[in-house]
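Notes follow the structure.
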Amino acid sequence: MNTINYHLTTDGFGIHTFELVRSILSKEEYKRLKSIFNSDKPHVYHEKGNIKYTPNSGIRFHLCKTNDNRNLRIIVTPLSLITGHNSPTEIFTADKIELLSEVLENSITNIIGDDYTLDKLTLTRIDCCVNVLLSSDNAAVLYVKMLRKSYAPYHHSTNNKHIVPQ
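For the sequence shown, position 48 (counting from the first letter as 1) is numbered 48 according to my numbering, and the numbering increases by one without interruption.
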């Protein structure tokens, strides 16, 4: 049997994306944010009554409205926000956290105002990633097959039961 060699890259394990949320209590505040986002037409996308605004690389704003609830979701790709470009193989690690905090705070407050500082937002999602270097293309195929045969997360299965591989 062939041995497959692998190792984590030097940056190893890190954060790919995270999401911050804040409820918008007043209709006036919702209208103010909607006006800000709509003023930058090439970067605005409307979908089912919601507004998606991408002012620059690394940060996206989603203004969501349901019957009684209005909220602002801010999706951040930390490394893209810091560097200004997207690099799919780079991972954001803890040594850049202070820089990210400063850049993110400035980006948010410059776009939507001082009422949306980091301490007023709630962290709702973190997408982590691991960079793995494999010894061959065949090893990559086996690695993907192994991941494909894992259990589906509970909320992704069609009948809310684990899907058992055949």
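Just so you know, even glycine gets a beta-carbon here, dropped at the ideal spot from N, CA and C.
Extent of the continuous alpha helix (DSSP H) run through residue i
i, result
"Tyr-143", "137-148"
"Leu-100", "97-112"
Bounding residues of the beta strand (DSSP E) (the contiguous stretch that carries residue i)
i, result
"Lys-27", "First-last for Lys-27: 27-38, but that is the alpha helix (DSSP H), not the beta strand (DSSP E)."
"Phe-61", "59-65"
"Ile-227", "Given a span of 1 to 166 for the chain in the structure shown, any question on residue 227 remains unanswerable."
Residues that residue i bridges to, as DSSP identifies them
i, result
"Glu-19", "Ile-75 and Arg-125"
"Gly-14", "Cys-129"
"Tyr-45", "Lys-52"
Local Cβ density within 10 Å of residue i, reported as buried at 16 or more and exposed below that
i, result
"Tyr-53", "buried"
"Ser-136", "exposed"
"Gly-72", "Checking the sequence shown, residue 72 turns out to be Leu, not Gly. It is buried - the Cβ of Leu-72 has at least 16 other Cβ atoms within 10 Å."
"Ile-97", "exposed"
"Pro-165", "Low local confidence applies: a pLDDT of 46 at Pro-165 is under 50, so the model's placement there is unreliable, with the coordinate-based value given in what follows. It counts as exposed."
"Lys-31", "exposed"
Residue from the options whose Cα sits closest to the Cα of residue i
i, options, result
"Lys-65", "Ile-51, Ile-75 and Thr-77", "Ile-51"
I want to know whether the stretch 79-90 touches the stretch 45-62 - three or more CB-CB distances under 8 Å. yes
- Query: For the 8 Å Cβ check, are there 3 or more pairs between the stretch 123-143 and the stretch 17-29?
  - Reply: yes
| message | Between the stretch 112-120 and the stretch 20-39, can you find at least three pairs of beta-carbon atoms closer than 8 Å? | response | yes
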